[in-house]
Amino acid sequence: MREVDPDGKRRAILDAALTLFDRRGFYGTTVPAIAAEARVGAGTVYRNFASKEELVNVLYREAKARLAGFLLEGFPSGASTRQQFAHLWSRMGAYAREHGASLAFAEVHYHAEYLDEESVETSRAVHERFLEVVREGQARRALKPIDPEVIMAAIEGPFFVLVRRARGGALELSEELLQRAEQCVWEAIRA
């Protein structure tokens with residue numbers, strides 16, 4: 001049974017873990033370090049999460065669900081594929097600026113061996129939802145008729161490289177930069 005969380009300790013633990021996993025990685029982060037960052041005792045961490053693996057899985061599922069919800073908010077279902085792509089790219093950029101650590105966390109842990117089946121299924125379901133958008137665009141003959149996974153890679157690859165470079169200080173993830181990158185990626189995937 002999990003501890004009742006009247007003081008937001010569980011949230012503090014999750015936020016601290018995200019900060020440390022982002023800074024140090026999964027293996028470089030210890031439960032005592034998470035407890036110190038969250039300003040709780042290590043016992044409080046263990047009353048809320050059975051292990052560091054459980055904690056990273058809860059955080060991963062939360063990050064993936066938040067990302068999907070954010071990207072799909074206001075999604076223009078009846079619009080053209082071009083408008084849908086512009087919407088998703090714009091939302092991706094906004095998410096990267098507002099929740100950079102969460103986005104980086106979700107990307108870095110995508111294929112981690114410590115993800116449990118529920119986390120893998122959450123990731124698979126989120127990915128499948130975006131593959132549906134690609135397939136619909138292909139059915140409309142707006143996107144190249146190749147494996148939808150290739151289209152996804154052509155979108156995600158450049159985007160995540162830009163995010164990494166921005167987080168590393170090499171460039172600013174400005175609206176203008178994102179719009180120019182969006183145009184380049186669209187040219188690569190459109191039919």
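Quick note on numbering: the sequence shown equals residues 1 to 191 in the working numbering.
Just so you know, even glycine gets a beta-carbon here, dropped at the ideal spot from N, CA and C.
- Under the three-state reduction of DSSP output, Leu143 falls in the strand class.
- According to the DSSP secondary-structure assignment, Arg180 is paired through a beta bridge with no residue.
- Between Arg140 and Pro148, the C-beta spacing is not below 9 Å.
- Straight-line spacing of the CA atoms in Ala17 and Val150 works out to 33 Å.
- As the crow flies, the alpha-carbon of Ile155 is around 6 Å from that of Val185.
- The shortest C-alpha to C-alpha distance from Leu55 to any of Phe21, Gly41 and Gly74 is the one to Phe21.
- Shown here, Arg39 sits in coil according to DSSP, grouped into three states, outside any helix or strand.
- With a threshold of 16 other beta carbon atoms within 10 Å, Gly169 falls short and is exposed.
- As the crow flies, the alpha-carbon of Ala50 is around 26 Å from that of His99.
- By the Cβ neighbour-count rule, Gln84 is buried, with 16 or more other Cβ atoms within 10 Å of its own.
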